[in-house]
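So the sequences go chain by chain: X and Z. Take 1 as the starting number for the first sequence in the numbering used here and just add one per residue. Take 1 as the starting number for the second sequence in the numbering used here and just add one per residue.
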Amino acid sequence: MSLIEGLLGPDDPEVGCDECFADLDRYVELELAGEDPDAVLPGLRAHLAGCLACREEHESLRALADGAG
Amino acid sequence: MEVSIGGGLAATLPGVDPVMDPESRAWVAALAGDGGDREAALGRLHALLLRAARFELGRRRGQLAGLSVAERHDLATQAADDAMMAVLARLGDFRGLSRFTTWAYKFALLEAATKARRMAWRARELPRPPEDWLAVADPDGRPEAAAEHAELLAAVRDAVAEVLTPQQREVLLTVVAGRVPLDVLAERRGTTRGALYKTIHDARRKLRAHLAASGLLAGEEVSR
């Protein structure tokens, strides 16, 4: 992510960190099932784009739920 | 709604989704029950959380290079212990919209990641935003990005100085330009990740509105 992108953040409406955490497990399983998580949980992908901490945890959860670890 | 849970247990759990998969249903039933079944489930849950915590710490091995094997083990155990408390405290929130294991994993990942970020910064002073942070080239190292976005970067720099409050400016620059993890800054300020992110979000909205009003935000320059 460039400095400008980091300063300006995502263009789309986004949820906050608490809402992201609350729905992250469902979001990951929809992703792994090949479904469209953004249709079910709008605003979460934009938050992951804007929040490095939540994005890192999303990557880890996805890997674990997909059988890593 | 109340749904009877099977497996020979007579308990009912408010709010359990009727489509919950059998394995998740068994986890919830055992953890909400009592006696030997619960004790066994607690043991399995802690093992699951410890595996997730170790997985997260393993991904952050570079950040934690200064820790001994014993210290990393202690950190994973602390993360699993704290995650277990959180899982049990929020068991009633689980609706079966994912597998129970995925739901539980996220608590261990959050605890482990937060502890690792804070551990990595524990002996470091937070950098205060210097004036020249926004004068440096784009940190992703793409020369074309620096060249193409020079005008926009200058406008963003001016907007940061002009339209943000001092708190918004310091938080945004410390996290984005100074690359301080949100959890670390939240701990030092006695607040939460969510509250700090709200500050960043509000600052970004202000910057975007200002740049849009100046006609500088059209096109693809800042899209992902």
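Where a beta carbon is used, it is the ideal one built from N, C-alpha and C, also for glycine.
Along the stretch 38 to 63 of chain X, the positions whose C-beta sits under 7 Å from a C-beta of chain Z are ALA49, CYS51, ALA53, GLU56, GLU57, SER60, LEU61, read in chain order. Sequence-distant Cβ neighbours of Z:ALA155 in its own chain, meaning closer than 7 Å and more than five residues away, are LEU211, SER214, LEU216.
If you check the CB distance, X:LEU44 and X:ASP36 do not come in under 9 Å. In terms of Cα proximity to Z:LEU207, the closest of X:GLY9, X:GLU59, X:ASP23 is X:GLY9. Ranked by Cα distance from Z:ALA113, the options X:ALA63, X:CYS54, X:ASP66, X:GLY67 are led by X:CYS54. Here the C-alpha atom of Z:ALA203 lies approximately 17 Å from the C-alpha atom of Z:ALA186. For Z:SER98, the residues of chain X that pass the 7 Å Cβ criterion are ASP25, ARG26, GLU29, in the order they occur in the chain.
With contacts defined as CB atoms closer than 9 Å, X:VAL28 and X:HIS58 qualify as a contacting pair. Straight across, the Cα-Cα distance linking Z:TRP121 with Z:PRO181 is about 9 Å. Contacts between Z:ARG193 and chain X, judged by CB atoms closer than 7 Å, involve CYS17, ALA53 in chain order.
Under the three-pair Cβ rule at 8 Å, the stretch 24 to 38 of chain Z counts as touching the stretch 94 to 103 of chain Z. Z:LEU64 has its alpha-carbon roughly 20 Å from the corresponding atom of Z:PHE107.
In this structure the stretch 84 to 98 of chain Z does not lie against the stretch 54 to 70 of chain Z, because fewer than three pairs of beta carbons, one per stretch, are closer than 8 Å. Assignment of X:VAL15 by DSSP, reduced to helix, strand and coil, places it in the coil class. In the displayed model, Z:GLN63 falls within coil according to three-state DSSP, outside both helix and strand. Boundaries of the alpha helix (DSSP H) around Z:ALA186: 182 to 189.
Considering only beta carbons, the part of the stretch 198 to 214 of chain Z lying closer than 9 Å to chain X consists of LYS198, ILE200, HIS201, ALA203, ARG204, ARG205, LEU207, ARG208, LEU211, in chain order.
Scanning its chain for C-beta atoms nearer than 7 Å, with the 5 sequence neighbours on each side dropped, one finds around X:ALA49 the residues PRO10, in chain order. Chain X places no beta carbon closer than 9 Å to that of Z:LYS115, leaving this residue out of the contacts.
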